[in-house]
Every structure is written in C-alpha cells, then in structure tokens.
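K.L.:
Take this structure, written in structure tokens, and hold onto it; I'll ask about it next.
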Amino acid sequence: MESLQDIFNSLGDIYEVSEIIASRPNILPALANLLVKVMLDKVYDICLNHKHFDIAGSEQVVGFTGQGLLVSMVCSEGGLPIKLLAAEGIYPISHGALRPSDLLVKDGAAIPYEFTYTTNNPPPEPSSEFLESWCSILRAEGVEGLLGLSIRDNSVPAIAHEVSDPENRVNRLVFGDDAA
1 MESLQDIFNS
11 LGDIYEVSEI
21 IASRPNILPA
31 LANLLVKVML
41 DKVYDICLNH
51 KHFDIAGSEQ
61 VVGFTGQGLL
71 VSMVCSEGGL
81 PIKLLAAEGI
91 YPISHGALRP
101 SDLLVKDGAA
111 IPYEFTYTTN
121 NPPPEPSSEF
131 LESWCSILRA
141 EGVEGLLGLS
151 IRDNSVPAIA
161 HEVSDPENRV
171 NRLVFGDDAA
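Under full-length UniProt numbering, think of the first position of the sequence shown as 1, with each following residue one higher.
Structure below.
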C-alpha cells in the first residue's frame, strides 16, 4: 500500500486538474446523481483531488475551522501546530480528534489524503458498490482519481475564496463577507 506522502504528493496541481475536469461537463452531474441515488448527498460532497504543496513522510494536511475561515496546514506526527493556529485566531478544543476529510477515490477504494480536527463522529463509509460505480464514471472519461469525496461540513459555506501559501504550506478558505 502506498504511503500518505506518496498518495498526497502524486495529486495534481489545482489549476491543471480543474482544467481537465472543466473539459468534461457531464462528470459532475453524473457523480451528483450517484450520491443522491445512494443517499450519501447529505454526508459527502464531490471534491477536486489536488494539492498546493508536497508533504514529508511524517506529515499530513489537517483542516481547522475558525471564525469565517478554514485553515489547512501541515501537521507532523499527529501534533497540532498550536502557535500557528493561534496566529490564525484558531484555538482547538481539547477533546477533538483527527478524522479524514478528503478521500481519493480510485481503483474502487476511498483513501483519506486530507484530515480535519473535529468533535464530529466519522460518517458511514461508502459501500464497495458505490465506490466502484464512482470509479466507473470517472474511468469512462479517463479521469479516475481526479474527483473524490469530501466529508460534508455544514459550517463551511459553498461560496468561499481559497488562498494558498505554498511557501509556508498553509491553505486558507475564507468565507462570509471576507470571501469577496
């Protein structure tokens, strides 16, 4: 099995992946219909599998929700970057846990590649039949692995502005009045 580092670092650049998916307008409606058909549309969203920077072997990208933003940053060996989070105005609660947030769906499997710090319980895992159907839709268009699943977070609005800082390996998703 591939390491998290290998999986994450093999993801494409956001602009390249976006361009590929934009040229195939039938994919998103087909995947959305599949989510509705199996009643997972309230649990999962469709996500563009991409990266803004690479990670090392002991690292993972973890998202933290703050007031009006979601900050994703690199965490080493499960530790929380408390000082970096405080600089963003985020103070993690002590009883939170790391849970998968974004899943690469490929070869009939859902593989976590980004995580979130949350108090929520993990959602139900998608069935193997669902994952195979998902992959079949993408395979037919030659884009398997480019669109995956994101665990729905109702505290993050659909309209947001993403700001990436690859040098510091931090990604910010700003929503509300600051998203314009």
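Glycine is no exception: its CB is placed at the ideal position from the N, C-alpha and C atoms. The model shown is predicted, which means the values in this text are computed figures rather than measured ones.
(1) When the distance is taken between beta carbons, is Leu104 closer than 8 Å to residue 186?
(2) Below 8 Å between beta carbons: does that hold for Ser18 and Gly63?
(3) Gly68: which of Tyr15, Ala160, Glu16 sits nearest, CA to CA?
(4) Spatial neighbours of Lys37 within its chain, please: C-beta separation below 6 Å, excluding the five flanking residues on both sides.
(5) Just to confirm, are Val71 and Ile93 a CB contact at a threshold of 8 Å?
(6) Please give the ranges of any beta strand (DSSP E) in the stretch 97–138, keeping only runs that are unbroken, at least 3 residues long and fully inside the region.
(7) Which value, in whole angstroms, describes the spacing of the CA atoms of residue 182 and Lys83?
(8) For Ala109, which residues in the same chain have their Cβ closer than 8 Å to its Cβ, ignoring the five residues on either side in sequence?
(9) Could you have a look at Gln5 and say whether DSSP puts it in helix, strand or coil?
(10) Are the beta-carbon atoms of Gly57 and Ser3 separated by less than 8 Å?
(11) Taking the straight line between their C-alpha atoms, what separation do you get for Thr116 and Ala140?
(12) Do the CB positions of Ile27 and Ile151 come within less than 8 Å of each other?
(13) Go ahead and label Glu114 buried or exposed: buried means 16 or more other beta carbons lie within 10 angstroms of its beta carbon, across all protein chains shown.
(14) How would you write the range of the beta strand (DSSP E) that Glu88 sits in, first residue to last?
P.N.:
The structure says:
(1) The structure shown has nothing for residue 186, since the chain only spans 1 to 180.
(2) The residue labelled residue 18 in the question sits at position 18 within the sequence shown. The residue labelled residue 63 in the question sits at position 63 within the sequence shown. No, these two residues do not count as a Cβ contact at 8 Å.
(3) Along the sequence shown, read from residue 1 onward, the residue named residue 68 stands at position 68. Measuring from the Cα of Gly68, the nearest candidate turns out to be Ala160.
(4) Position 37 of the sequence shown, counting from 1, holds the residue named residue 37. Correct list: empty, nothing qualifies.
(5) For the purposes of this step, residue 71 is identified with residue 71 of the sequence shown, where counting begins at 1. For the purposes of this step, residue 93 is identified with residue 93 of the sequence shown, where counting begins at 1. It is not a contact, given that the beta carbons lie outside the stated cut-off.
(6) 97–106, 109–118
(7) This structure leaves residue 182 out entirely; the chain is present only between 1 and 180.
(8) The residue labelled residue 109 in the question sits at position 109 within the sequence shown. Once the five neighbours on either side are set aside, the close Cβ partners of Ala109 are Leu131.
(9) Counting from one through the sequence shown, the residue named residue 5 turns up at place 5. Here Gln5 sits in helix by DSSP.
(10) For this step, residue 57 is matched to residue 57 along the sequence shown. For this step, residue 3 is matched to residue 3 along the sequence shown. Yes, the pair counts as a contact, with Cβ atoms nearer than the cut-off.
(11) By 1-based counting over the sequence shown, the position of residue 116 is 116. By 1-based counting over the sequence shown, the position of residue 140 is 140. For Thr116 and Ala140, the distance between alpha carbons rounds to 31 Å.
(12) Taking the first residue of the sequence shown as position 1, residue 27 is located at position 27. Taking the first residue of the sequence shown as position 1, residue 151 is located at position 151. No, these two residues do not count as a Cβ contact at 8 Å.
(13) Locating residue 114 in the sequence shown gives position 114, where the first residue counts as 1. Glu114 comes out buried.
(14) Walking along the sequence shown from the start, residue 88 turns up at place 88. Premise fails: Glu88 is in no beta strand (DSSP E) and is neither H nor E.
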